[in-house]
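Chemist:
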Amino acid sequence: MSEHFDSYDASYGEVVEGSIRFSGLQHDFFLAAKADLLRRLVGERCLRQGGADVRGLDVGCGVGALHPYLDGAFDRLDGCDVSQKSLARARRDNPHIAYTACTTDRLPYQDGAFDLAFASCVVHHVPPASRPNFFHEMRRVLRQGGERTLDLPGKGSC
Ligand SMILES: C[S@@+](CC[C@H](N)C(=O)[O-])C[C@H]1O[C@@H](n2cnc3c(N)ncnc32)[C@H](O)[C@@H]1O
Numbered sequence: 003m004s005e006h007f008d009s010y011d012a013s014y015g016e017v018v019e020g021s022i023r024f025s026g027l028q029h030d031f032f033l034a035a036k037a038d039l040l041r042r043l044v045g046e047r048c049l050r051q052g053g054a055d056v057r058g059l060d061v062g063c064g065v066g067a068l069h070p071y072l073d074g075a076f077d078r079l080d081g082c083d084v085s086q087k088s089l090a091r092a093r094r095d096n097p098h099i100a101y102t103a104c105t106t107d108r109l110p111y112q113d114g115a116f117d118l119a120f121a122s123c124v125v126h127h128v129p130p131a132s133r134p135n136f137f138h139e140m141r142r143v144l145r146q147g148g149e150r151t152l153d154l155p156g157k158g159s160c
C-alpha cells in the first residue's frame, strides 16, 4: 500500500483532477467543502476544556492537500500516512503541521490524544478485514467523549 501511494507524491493533484473531471468541478471545491464541514464540527462539538488545545488528526493524510484549507480550524493538526513519500511532500507544503508515518496496524499516538479524527478518501483503500482495527485505532486516540471518527467521502475514484 505505501509503495502504491509513494508513486503519487508528485502527481496526486493531477490524478484527482482527472478522476473528478466528470463532475465539472475542481479539487479545490471538494477540499473547501470538506474543510467547511470539519470547521463546523469543531465549532459544534469540540469544546475547549480548561483552555486545552483542540487537536485534530487526519489519518491517511497523503500529501496534505486538505491542510491549507484547515488553517486555524484546530489549535494543532497532526497527519499520518503509510506513504513516506506522500508525507515528505506534505511536510514541504505544510511546515507547521506535525506529520508522522503510521502502519495499518497501529496509529503512533497515545490513547485519548485528539478531539477529532477524520479520514478523507482512505477507507476504501483499507482491506475490509483490516477496517475494524483501523476504526478501533481512530477511536483509541480520541479523548474520552471525543468526536466520532469520520470518513469523508470523495467524488470519483482517488
Ligand atoms: C486517495 S489518498 C487520500 C489522501 C488524502 N486523505 C486526501 O484526501 O487528499 C489515500 C491515502 O490513504 C493512505 N492510506 C491507505 N491505507 C492507509 C492506512 N491503513 N493507514 C493510513 N493511511 C493509509 C494512502 O497512503 C494514501 O495517502
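Residue numbers for the sequence shown follow my numbering, beginning at 3 and rising by one. For glycine and all other residues, C-beta sits at the position ideal for the given N, C-alpha and C.
#1: Give me the Cα-Cα distance between R2 and Y71, rounded to the nearest whole angstrom.
#2: Rounding to the nearest angstrom, what Cα-Cα distance links D30 and I22 in this structure?
#3: Is A34 close to ligand 1? I mean its beta-carbon at under 8 Å from any heavy atom of the ligand.
#4: Measuring alpha carbon to alpha carbon, tell me which of A92, V44, K87, N135 ends up nearest D77.
#5: Secondary structure at L144, three-state DSSP: helix, strand or coil?
#6: So, at 6 Å on beta carbons, what are the nonlocal neighbours of G58 in its own chain, with the 5 sequence-adjacent residues on each side left out?
Modeler: In brief:
#1: An answer regarding residue 2 cannot be provided, because it is not within the stretch 3 to 160 covered by the chain.
#2: 11 Å
#3: no
#4: V44
#5: strand
#6: F76, L79, L118
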